[in-house]
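Note sheet for the following structure.
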Amino acid sequence: MRARTRVRPESTPERARGGGHTRASVSTASRRARRACARVTSTNASSRAKDKICILPGLGNASGDYDALAALFRARGHAVAIAPVSRVDWLRNAAGAVTAEYWRGTLAPRPFVDWYLERIERACGALDDERGDAIALVAHSAGGWLARVYVDAYATDARARSVGKLVTLGSPMKPVDASAPGVIDQTRGILNWVEENCRSAEAYETELGIEVTCVAGTYARGSEDVANVAAFGIGLGYKMVCGKADVEGDGITPCETAIMDGARGLILPGVYHTPLGSSTTSAKPRAWYGSEKIFNSWVRDVFGE
Numbered sequence: 001m002r003a004r005t006r007v008r009p010e011s012t013p014e015r016a017r018g019g020g021h022t023r024a025s026v027s028t029a030s031r032r033a034r035r036a037c038a039r040v041t042s043t044n045a046s047s048r049a050k051d052k053i054c055i056l057p058g059l060g061n062a063s064g065d066y067d068a069l070a071a072l073f074r075a076r077g078h079a080v081a082i083a084p085v086s087r088v089d090w091l092r093n094a095a096g097a098v099t100a101e102y103w104r105g106t107l108a109p110r111p112f113v114d115w116y117l118e119r120i121e122r123a124c125g126a127l128d129d130e131r132g133d134a135i136a137l138v139a140h141s142a143g144g145w146l147a148r149v150y151v152d153a154y155a156t157d158a159r160a161r162s163v164g165k166l167v168t169l170g171s172p173m174k175p176v177d178a179s180a181p182g183v184i185d186q187t188r189g190i191l192n193w194v195e196e197n198c199r200s201a202e203a204y205e206t207e208l209g210i211e212v213t214c215v216a217g218t219y220a221r222g223s224e225d226v227a228n229v230a231a232f233g234i235g236l237g238y239k240m241v242c243g244k245a246d247v248e249g250d251g252i253t254p255c256e257t258a259i260m261d262g263a264r265g266l267i268l269p270g271v272y273h274t275p276l277g278s279s280t281t282s283a284k285p286r287a288w289y290g291s292e293k294i295f296n297s298w299v300r301d302v303f304g305e
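As structure tokens, then:
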């Protein structure tokens with residue numbers, strides 16, 4: 001499905017459908033877990049029920065990296081759970097490297113990511129008794145495609161229908177063309193599997209009632225010019241994700257890969273990929289999707305707050 005782009009006022013991020021890219025600027029502006037391995041927080045809810053937030057960590061990240069993001073949601077009256085993940089947990093994915101499918105580039109996500117899917121289920125379960133509307137899966141980086149695998153290949157039908165939103169933050173949502181010169185598919189075929197076996201953005205909405213919003217950032221543009229060392233290094237990373245180096249992205253995920261076809265897309269100027277290394281107080285600020293001012297700019301569009 002081709003993109004439908006609408007330019008937003010300067011104080012808000014741009015909306016796009018399925019990858020239409022037009023710049024706009026960003027405005028300047030507990031409770032303990034019911035289950036031991038998922039953190040749940042809530043506050044006095046307003047009279048209007050709000051979505052319950054399930055935060056899904058990105059590759060290499062740990063649950064604690066998202067405490068500040070959870071606090072921002074909690075301050076707005078949402079119940080929040082973070083899927084319980086530690087950094088060493090990600091080493092479990094290496095089990096796929098011993099398979100022939102890995103080396104052929106035809107790897108399927110399961111059973112190698114089942115440990116992560118179970119953590120999503122645990123976090124969603126921790127929200128069951130919390131006050132609120134549907135569950136919103138707020139997925140960072142690899143958490144975006146893992147959320148799709150969870151909904152389509154792991155969750156029960158009842159659980160899948162309890163999800164009302166999927167919000168991805170800098171997630172690679174499209175497979176790369178591994179036949180392009182110099183490209184190595186870092187997912188070893190997993191994103192191809194997701195594309196072929198999981199629902200489209202339109203199908204999530206029509207079949208399950210899940211609204212999909214993909215948020216991307218333009219922290220840095222890559223380059224194929226070796227004279228520009230920093231941009232060249234970033235461009236090498238982008239090329240492995242989208243097949244091209246000279247594109248905009250958040251330093252890790254190119255914008256054109258971050259916005260799923262048919263989904264609503266928000267492109268945030270200057271936004272960095274990860275909470276690790278982000279800062280809004282240093283001499284050279286590097287705000288990520290969960291930095292307060294950035295958060296405020298996209299949460300209005302997604303949750304109408």
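According to the UniProt record's numbering, the sequence shown is numbered sequentially starting from 1. Think of the CB as a built atom: it goes at the ideal place given N, C-alpha and C, for glycine as much as any other residue.
- Per DSSP, alanine 258 lies in no beta strand (DSSP E) segment; the continuous alpha helix (DSSP H) that holds it begins and ends at 255-258.
- When the five nearest sequence neighbours on each side are left out, the beta carbons in the same chain lying within less than 6 Å of the beta carbon of leucine 117 are those of Tyr150, Tyr154, in order along the chain.
- Judged by DSSP in its simplified three-state form, serine 279 adopts strand.
- About 10 Å separates the beta carbons of glutamate 130 and lysine 50, which is beyond the 8 Å limit, so they are not a contact pair.
- The residues Gly262, in chain order, have a CB closer than 6 Å to that of serine 200 in the same chain once the five nearest residues on each side in sequence are set aside.
- Excluding its 5 nearest sequence neighbours in each direction, tryptophan 193 has C-beta neighbours in its own chain below 7 Å: Ala108, Pro109, listed in chain order.
- DSSP places glycine 125 in the uninterrupted alpha helix (DSSP H) bounded by 114-126.
- Under DSSP, arginine 221 takes part in a beta bridge, and its partners are Glu248.
- Excluding five sequence positions before and after tyrosine 272, the CB atoms of its chain that fall closer than 7 Å to its own CB belong to Gly217, Tyr219, Asp250, Gly251, Ser278, Arg286, Ala287, Trp288, given in chain order.
- Check the Cα spacing between lysine 239 and each of Thr106, Asp185, Gly290: the tightest is with Asp185.
- In this structure, the straight-line span from the alpha carbon of asparagine 228 to that of glycine 270 is close to 19 Å.
- Pairing glutamate 211 with glycine 164 gives a Cβ-Cβ distance under 8 Å.
- In this structure, the alpha-carbon of tryptophan 115 lies about 16 Å from that of alanine 139.
- If only complete runs of 3 or more residues are kept, the segment 182-226 shows the beta strand (DSSP E) at 211-218, in order along the chain.
- Distance from the CA atom of phenylalanine 73 to the CA atom of arginine 119, rounded to whole angstroms, is 20 Å.
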